[in-house]
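Enquirer: Just so we're aligned, residue 2 is where the sequence shown starts under the numbering used here, counting upward by one.
Heads up, the beta-carbon is just placed ideally off N, CA and C, and yes, glycines get one too.
Only a predicted model underlies this, so the values are computations on that prediction, with no experimental measurement involved.
Next up is a structure, given as structure tokens.
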Amino acid sequence: MTRSVRLLWALVALVVLATVVLAGTRGRAWYDARQEQQAQREALAAGRQLAVNFATLDYRTVDADTDRVKQGATGEFLDSYTTSLSDLRTVVTQNKSTSRVERAEAALVSGDRDSAQVIVGVVAPTSNTNAPDGETKTYRMKLGLREVGGTWKVERLEFVG
């Protein structure tokens, strides 16, 4: 084999190796981007649902309603919600309060594969003993979400103007 043929084969091998390395790198980046996009979609859907769960209360089903919220909570939000639960049950039951979500819109503020920030706007007709005919309330919430064991949960919830 002549020197030029060996050089040509070495060049071909180098090009093939570079192509494989580039394809692997690009493939991994593509895969990571797809995983992050999927996580963001799941976080957005979960944030919307968790806000709906939070704004849905009925004095006749208050235990089931608050349990749904607790199941979707973690960290500081779970701690503060659990701490205030007894007072919340009392107020909701005594005032015969009901709140159901009529409409909810959500937007992703930021997110990666295990955490996200979501803004949710909720329109919720409510009624209680002071407003038996009901009134429509609008809430805007910023949710800090964390992926915990394959499920997105709220770790922070704040009302925003």
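Using the Cα positions of Ala117 and Leu158, report the straight-line distance between them to the nearest angstrom.
Expert: Position 116 of the sequence shown, counted from the first residue, corresponds to residue 117. Position 157 of the sequence shown, counted from the first residue, corresponds to residue 158. Computed Cα separation, rounded: 12 Å.
Enquirer: Quick one: residues in its chain with C-beta nearer than 7 Å to the C-beta of Glu37, no 5 flanking neighbours on either side, listed in chain order?
Expert: Along the sequence shown, one-based indexing puts residue 37 at 36. Within the same chain, Glu37 has close Cβ partners Asp113 and Arg114.
Enquirer: Grab me the residues of Thr152's own chain with a C-beta within less than 6 Å of its C-beta, minus the 5 sequence neighbours each way, in chain order.
Expert: For this step, residue 152 is matched to residue 151 along the sequence shown. Excluding positions up to five away in sequence, the list is empty.
Enquirer: According to DSSP, is Thr62 part of a helix, a strand, or is it coil?
Expert: Counting from one through the sequence shown, the residue named residue 62 turns up at place 61. Here Thr62 sits in coil by DSSP.
Enquirer: Residue range of the alpha helix (DSSP H) that Val22 falls in?
Expert: Your numbering for residue 22 matches position 21 in the sequence shown. Its alpha helix (DSSP H) spans residues Arg4 to Ala56.
Enquirer: Count the other CB atoms within 10 Å of the CB of Asn54; is the residue buried (16 or more) or exposed (fewer)?
Expert: Within the sequence shown, numbered from 1, the residue matching residue 54 stands at position 53. Classification for Asn54: buried.
Enquirer: Would you check if the segment 120 to 131 and the segment 98 to 112 touch, i.e. whether three or more CB-CB distances between them fall below 8 Å?
Expert: Short answer: they touch.
Enquirer: With C-beta atoms as the reference, is Gly76 less than 8 Å away from Arg147?
Expert: Locating residue 76 in the sequence shown gives position 75, where the first residue counts as 1. Locating residue 147 in the sequence shown gives position 146, where the first residue counts as 1. Yes, they are a contact pair.
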